[in-house]
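Engineer: Starting off with a structure, shown below.
Residue numbers (the numbering used here): 3 to 393.
Rendered as structure tokens:
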């Protein structure tokens, strides 16, 4: 099968969508399909290249994204979309997110009667209208963005999303195209979106200090371990700690009391459980690392979410289920050693280059996990889209 993948975010940009499309194109090529990716160029020119894993990339002239300086965006790429579709003559087009590239490819594919599959990444909260001069227009802009999303999705043969909740939201919004849930739990795509960090800090009332997210703090021993580690970390670098996944009010009160007694109470925030899950993608975007004090099924979800957000992870030896490789995407420390825990956290916070490298490795691991659980479903969706278009 000949497949064109359209995306506005692709390697060498590092984000969830970029790595997902890179891995998907590599896998499909390895399965014997012929794959071309249409993505923005890092240069002011359009050109084609071939990746070592065997697929082609059509790089389209682009400009710097005004809201994300490390990313690019194309401007009216319809002519280039026509050229790609004419040269490649695909059997199917797979579009990732709503963007100028995906809208242009959709338009050409419909003209040529080529089946289209969308992967849903749209996040209304990520629409950049939070600047003071745009806030009055926010409801209008968000409504317009959702309306455009629905209009484009209803021109495709299939939509892929990552959870039943998102599936229901799309159908409630008016999407009539079949929506299929593909992928493992938890829904990692929530952690691929982006909002301006200053706005997130303001919304979550976080100081302009490095943020350490902590989880797995149910027992009194873990609570004491956390507070002792906080004391040691704060002697090395400024930091603010946020404890997530804490649902027992008595445990929350106890850890806050311990922090107050040790004089670090102002450096610890414990979100309300109801807001914790909803705001977690925002919190993880501005966080600098995750500390796992213990692991169970619920905290494993938090660990995987942190990987998807590109966070280094500090975890006890033997409790990360192989998801944390010491020195690669975080550090392992001797269980119950608050001193070693503090040294590991302090090293991550003090070294921007190390933190960036570890964060990229975490994101790569999360995308691999997500795609591994999604591939059978993606291929089934492809076959359905081909059957629908074939009549």
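Cβ coordinates follow ideal geometry from the N, Cα and C atoms, glycine included.
#1: For residue 34, does the count of other Cβ atoms within 10 angstroms reach 16, so buried, or fall short, so exposed?
#2: Going along the chain, which unbroken runs of the beta strand (DSSP E) with 3 or more residues stay wholly within the region 4-82?
#3: Sort 274, 180 and 230 by Cα distance to residue 155 and report the nearest one.
#4: In chain order, what residues of the same chain have a beta carbon less than 6 Å from the beta carbon of residue 406, not counting five sequence neighbours either side?
#5: When DSSP labels each residue in this structure, what does residue 335 get in the three-state scheme?
#6: Quick check on the DSSP output: the alpha helix (DSSP H) that includes residue 340 runs from which residue to which?
#7: With 7 Å as the threshold, decide whether the Cβ of residue 53 is near any Cβ in chain C.
#8: Short check: CB of residue 15 to CB of residue 73, under 7 Å?
#9: Between residue 214 and residue 248, is the Cβ-Cβ spacing less than 7 Å?
#10: Along the beta strand (DSSP E) that carries residue 161, what are the first and last residues, could you check?
#11: Give a yes or no on contact between the region 201-218 and the region 283-295, applying the rule of three or more CB pairs nearer than 8 Å.
#12: I believe residue 3 touches residue 108 by the beta-carbon criterion, under 8 Å. Please report the beta-carbon distance rounded to the nearest angstrom.
#13: Flag this pair as yes or no: are the beta carbons of residue 22 and residue 7 separated by less than 7 Å?
#14: Whole angstroms is fine: what's the gap from residue 131's alpha carbon to residue 85's?
#15: Should residue 229 and residue 252 be called a contact, given that it needs their Cβ atoms to be closer than 7 Å?
#16: For residue 337, I'd like the list of residues in its chain whose CB is within less than 8 Å of its CB, leaving aside the five on either flank, ordered along the chain.
#17: What span of residues does the beta strand (DSSP E) with residue 121 cover, start to end?
#18: By the 10 Å Cβ neighbour count, where 16 or more other Cβ atoms means buried, how is residue 174 classified, buried or exposed?
#19: Count the C-beta pairs between the region 265-273 and the region 307-314 that are closer than 8 Å, then say yes if the count reaches three, no if not.
#20: Going by the CB atoms, is the gap between residue 166 and residue 191 shorter than 7 Å?
#21: How many Å lie between residue 178 and residue 123 at the Cα?
#22: Mind checking which residues open and close the alpha helix (DSSP H) that includes residue 105?
#23: Straight-line CA distance for residue 1 to residue 334?
#24: Which residues mark the beginning and the end of the beta strand (DSSP E) in which residue 244 is found?
#25: So for residue 327, helix, strand or coil by DSSP?
#26: So residue 162 and residue 383 are in contact, right, with Cβ under 8 Å, and what is the actual spacing, rounded?
#27: In chain order, what residues of the same chain have a beta carbon less than 7 Å from the beta carbon of residue 314, not counting five sequence neighbours either side?
#28: Compare the Cα-Cα distances from residue 121 to each of 345, 160, 231 and 30 and report the closest residue.
#29: Is the beta carbon of residue 30 less than 7 Å from the beta carbon of residue 19?
#30: Measuring CA to CA, which of 302, 88 and 263 is closest to residue 115?
#31: Looking at C-alpha atoms only, which residue of 41, 75 and 226 is the closest neighbour of residue 263?
#32: Put residue 274 into one of helix, strand or coil per three-state DSSP.
#33: Shortest alpha-carbon distance to residue 185 belongs to which of 63, 377 and 54?
#34: Could you pull out every residue in the same chain whose Cβ sits closer than 7 Å to the Cβ of residue 67, ignoring the five residues on either side in sequence?
#35: How would you label residue 65, buried or exposed, when you count the other beta carbons within 10 angstroms and need 16 or more for buried?
#36: Could you tell me the alpha carbon to alpha carbon distance between residue 117 and residue 388, rounded to whole angstroms?
Structural biologist: For this structure:
#1: exposed
#2: 4-9, 36-42, 49-52, 58-62, 64-66 and 74-76
#3: 180
#4: Since the first residue shown for the chain is 3 and the last is 393, residue 406 is missing from the structure and cannot be characterised.
#5: strand
#6: 340-352
#7: The structure shown contains no chain C; it is built from a single protein chain.
#8: yes
#9: no
#10: Run containing residue 161: 160-163, per the beta strand (DSSP E) assignment.
#11: Touching, yes, given that three or more Cβ pairs across the two stretches are closer than 8 Å.
#12: About 19 Å separates the Cβ atoms of residue 3 and residue 108, ruling out a contact at the 8 Å cut-off.
#13: no
#14: Interpretation of residue 131 is limited by its pLDDT of 47, a score under 50 that renders its predicted location unreliable; no figure is taken from the coordinates.
#15: no
#16: 318, 319, 320 and 321
#17: 118-121
#18: exposed
#19: no
#20: No.
#21: 17 Å
#22: 102-114
#23: The structure shown does not extend to residue 1, since the chain is modelled only from 3 through 393, so no value can be given for it.
#24: 242-245
#25: Residue 327: coil per DSSP, three-state reduction.
#26: 6 Å
#27: Leaving aside the five residues that flank residue 314 on each side, the residues in its chain whose CB is nearer than 7 Å to its CB run, in chain order, 291, 331, 332, 350, 357, 360, 361 and 364.
#28: 160
#29: no
#30: 88
#31: 226
#32: coil
#33: Selected option, being the one with the closest Cα: 377.
#34: 73, 74 and 75
#35: exposed
#36: 6 Å
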